[in-house]
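Residues in the sequence shown are numbered from 0 upward in steps of one, following numbering that gives the first Met the number 0.
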Amino acid sequence: MRPVGYDRAVFDVVPPPRRSRLPGVSMAGFRHRGPEPIRMRAVPHPAVTLSLDFSPGLLVVDDAAGRRPGSLVAGLAFRDLRVHGHGTEAVQVRLSPLVAATVLGVSPADLEGTVVGLDELWGREAARVREQLSHAPSWRDRFALTEELLARRHAAARPERGPRPEVVRAWQRIARSRGGVRVEALAAEAGWSRQRLWARFRSDIGLTPRRAAQLVRFHHAAHLLAGGRSPALTAADCGYTDQSHLHRHVRAFTGTTPATLAGEPFLAVDDLAWPGEAPPVTRPDTR
Numbered sequence: 000m001r002p003v004g005y006d007r008a009v010f011d012v013v014p015p016p017r018r019s020r021l022p023g024v025s026m027a028g029f030r031h032r033g034p035e036p037i038r039m040r041a042v043p044h045p046a047v048t049l050s051l052d053f054s055p056g057l058l059v060v061d062d063a064a065g066r067r068p069g070s071l072v073a074g075l076a077f078r079d080l081r082v083h084g085h086g087t088e089a090v091q092v093r094l095s096p097l098v099a100a101t102v103l104g105v106s107p108a109d110l111e112g113t114v115v116g117l118d119e120l121w122g123r124e125a126a127r128v129r130e131q132l133s134h135a136p137s138w139r140d141r142f143a144l145t146e147e148l149l150a151r152r153h154a155a156a157r158p159e160r161g162p163r164p165e166v167v168r169a170w171q172r173i174a175r176s177r178g179g180v181r182v183e184a185l186a187a188e189a190g191w192s193r194q195r196l197w198a199r200f201r202s203d204i205g206l207t208p209r210r211a212a213q214l215v216r217f218h219h220a221a222h223l224l225a226g227g228r229s230p231a232l233t234a235a236d237c238g239y240t241d242q243s244h245l246h247r248h249v250r251a252f253t254g255t256t257p258a259t260l261a262g263e264p265f266l267a268v269d270d271l272a273w274p275g276e277a278p279p280v281t282r283p284d285t286r
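The structure is reproduced here in structure tokens:
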């Protein structure tokens, strides 16, 4: 358990004792313990987010569509998402778009850029999950409950819910290259035309291959900026044409500038909860 503080808001970040047995699934626990409420901007990352809230307090997310309390699902490439809460506890799960459909029961394409209350997707099961997590005696038990739930849903899903093998390989290539692979190369490897890859990828993942590559590249760049790398060096290291190219992508994904993004507390928390998924962020505790 690692305490993190900023602006007098303090919360614990709890990594699980081991990696998930389900490929494409990672999770972490969060517990707010005041005195000030949590207020932070969520930064997009290349995963679908499942937040399982079981707290006596209230976790609230604001986006362009309004305010949503409690457990929720955030799709790929969300924008201008603000998180608020006081006395909150939650297990947050990151789902690769390759596994999100089988776990959630809805395609990532139906979630692109949106935030949906979990009860809208799972009905009464969402309330049952909340109750089970709230009565679990430890974080280890909560992680075990969450993994069992996700594994059960994944095993029960129809095979056709998952993405096509060609799309799986294309996404994996984008992730390995940190967004540096060209769409033409992905299409050639799949044996498809560019148009067919574009359509199938969008149908299965919820983004076009180009947009997916931009998201993966942005995720890497955001952590370099938060770790103290200058915008100019970040642009060069991440394959942007120049600093203004980086600025445009940061603006497109967050509505802010690289300088502002570098100071977002979400990125430091992200680094503690999911170490190794992006360049490490080293930032002093501001408590």
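Where is the CB? At the ideal position from N, CA and C, for every residue including glycine.
#1: Mapping DSSP to helix, strand and coil, what is Glu222?
#2: How about Val92 and Met26: do their beta carbons lie closer than 8 Å?
#3: Apart from the five residues on each side of it in sequence, which residues of its chain come closer than 8 Å, Cβ to Cβ, to Val180?
#4: If we count the other Cβ atoms within 10 Å of its Cβ and call it buried at 16 or more, is Ala231 buried or exposed?
#5: What does DSSP give as the partner residue(s) for Asp236 in the beta ladder?
#6: Could you give the residue range of the alpha helix (DSSP H) that holds Asp270?
#7: Report all residues from its chain with a CB closer than 7 Å to the CB of Ser19; omit the five preceding and five following residues, and keep chain order.
#8: What beta strand (DSSP E) runs, 3 residues minimum, are completely inside the region 67-147?
#9: Quick one: using the 10 Å Cβ neighbour count with 16 as the cut-off for buried, is Ala155 buried or exposed?
#10: Considering only residues of the same chain and omitting the five flanking positions on each side of Glu188, which have a CB-CB separation below 6 Å?
#11: Using CA atoms only, rank isn't needed, just tell me which of Leu103, Val115 and Thr87 is closest to Leu71.
#12: Let me make sure I understand the geometry here. Which of Gly190, Leu185 and Ala267 has the alpha-carbon closest to that of His218?
#13: Since I believe Ala150 is in contact with Leu144 (beta carbons under 8 Å), could you give me their beta-carbon distance rounded to a whole number of angstroms?
#14: Identify the continuous beta strand (DSSP E) that holds Phe29 and give its terminal residues.
#15: Just reading off the beta strand (DSSP E) that Ala41 is part of, what are its end residues?
#16: Could you pull the DSSP bridge partners for Ser50 from this structure?
#17: Apart from the five residues on each side of it in sequence, which residues of its chain come closer than 8 Å, Cβ to Cβ, to His246?
#18: Alpha carbon to alpha carbon, how far is Leu196 from Thr233?
#19: Under 7 Å Cβ to Cβ from Val128, same chain only, skipping five residues before and after it: list those, please.
#20: Can you tell me whether Val280 is helix, strand or coil according to DSSP?
#21: What number of angstroms, rounded off, separates the C-alpha of Leu57 from the C-alpha of Asp11?
#22: Tell me which residue opens and which closes the alpha helix (DSSP H) that Asp203 is part of.
#23: For Pro278, which residues in the same chain have their Cβ closer than 7 Å to its Cβ, ignoring the five residues on either side in sequence?
#24: Using C-beta distances below 6 Å, list every residue in its chain close to Arg201, excluding the 5 sequence neighbours before and after it, in chain order.
#25: Taking 8 Å as the threshold, find out whether the region 39-48 comes into contact with the region 76-83 through three or more Cβ pairs.
#26: Excluding the 5 residues flanking Ala186 on each side, which residues of the same chain have their C-beta closer than 7 Å to its C-beta?
Taking the coordinates as given:
#1: Per the sequence shown, residue 222 should be read as His rather than Glu. It is helical.
#2: yes
#3: Arg172, Ile173 and Ala212.
#4: exposed
#5: DSSP output for Asp236 lists no bridge partner at all.
#6: Pro264 to Ala272
#7: Sequence-distant partners of Ser19 (beyond 5 residues in either direction) whose C-beta falls short of 7 Å from its own C-beta, in its chain, are Ser25, Met26 and Glu146.
#8: Taken in chain order, the whole beta strand (DSSP E) runs of length 3 or more contained in the region 67-147 are 71-73, 80-85, 88-94 and 114-116.
#9: exposed
#10: Around Glu188: no qualifying Cβ.
#11: Val115
#12: Relative to His218, the option among Gly190, Leu185 and Ala267 whose CA is nearest is Ala267.
#13: In fact, because the Cβ distance is near 11 Å, the residues do not count as touching under 8 Å.
#14: Val24 to His31
#15: Counting along the chain, the beta strand (DSSP E) containing Ala41 begins and ends at Ile37 to Ala41.
#16: Beta-bridge partners of Ser50 (DSSP): Leu71 and Gln91.
#17: In its chain, beyond the 5 residues on either side, Pro230, Thr256 and Pro257 have a beta carbon closer than 8 Å to the beta carbon of His246.
#18: Roughly 30 Å separates the two Cα atoms.
#19: Leu51 and Leu148
#20: Here Val280 carries a coil assignment [DSSP, helix/strand/coil].
#21: 16 Å
#22: Arg193 to Ile204
#23: His219, His222, Leu223 and Gly226
#24: Thr207
#25: yes
#26: When the five nearest sequence neighbours on each side are left out, the beta carbons in the same chain lying within less than 7 Å of the beta carbon of Ala186 are those of Ser192, Arg193 and Leu196, in order along the chain.
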